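Scroll down for the structure; my scribbles are underneath it.
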Amino acid sequence: MRALPLTREKDGALLATVQLAETFWTRFRGLMLTPPLAAEGGLWLKPCDSVHMLFMRYPIDVVFARRAGEAGDGGVRAEVLAVKQRVLPWLGMAWCRKATIAIELAAGRAAEFGVQAGDTLRLGPLRDAEQESQGASLQGREVEA
Numbered sequence: 006m007r008a009l010p011l012t013r014e015k016d017g018a019l020l021a022t023v024q025l026a027e028t029f030w031t032r033f034r035g036l037m038l039t040p041p042l043a044a045e046g047g048l049w050l051k052p053c054d055s056v057h058m059l060f061m062r063y064p065i066d067v068v069f070a071r072r073a074g075e076a077g078d079g080g081v082r083a084e085v086l087a088v089k090q091r092v093l094p095w096l097g098m099a100w101c102r103k104a105t106i107a108i109e110l111a112a113g114r115a116a117e118f119g120v121q122a123g124d125t126l127r128l129g130p131l132r133d134a135e136q137e138s139q140g141a142s143l144q145g146r147e148v149e150a
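Each residue of the sequence shown is one higher than the one before, starting from 6 at the first, in this note's numbering.
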């Protein structure tokens, strides 16, 4: 799976580096039976409007969104529709009828950054001089998220 930065558009805050679950099997597997996410880790599932917590070992935050167009740097913009915090393992389930994207984050991460409905998130390449100088720039890669 590819990993890309997920930032909040209004202030550029890096929320997480998310793995892309782009195929049926990667979405099906999700985070089931995996070790807990690092604070800065996450999973971007598309298309997705609901998540279950069967076979999960830890709580997560789930941000539901819909695509809001292309970002100027080749990334993708997503409008947050709903945020579900600390969805419990085994018992939990979360959904948002209008969502096309679900972003699974470490529990508490959404609250830590104050992510809320109406925010715009950006997935993908950032034109950042520091990243480019370290050779870590993702600029030029196409993102189909």
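Quick reminder that beta carbons are idealized off the backbone N, C-alpha and C, glycines included.
These figures come from a predicted structure and were not determined experimentally.
How would you call Lys51, buried or exposed, if buried means at least 16 neighbouring beta carbons within 10 angstroms? buried
Going by DSSP, what residues sit across from Gln121 in a beta bridge? According to DSSP, Gln121 bridges with nothing at all.
Does the Cβ-Cβ distance between Leu42 and Phe69 come in under 8 angstroms? no
Please name the residue in Trp100, Ala44, Trp95 whose C-alpha comes closest to that of Leu38. Trp95
Between the Cα of Ala73 and the Cα atoms of Cys53, Gln90, Gly79, Glu84, which residue gives the shortest distance? Glu84
Alpha carbon to alpha carbon, how far is Arg34 from Lys103? Give it in angstroms, no decimals. 23 angstroms
Check each candidate in Arg13, Asp16, Lys15, Gly46 and name the one with the smallest Cα separation from Thr22. Gly46
Can you round the beta-carbon distance between Val92 and Val67 to whole angstroms, since I take them to be within the 8 angstroms contact cut? 6 angstroms
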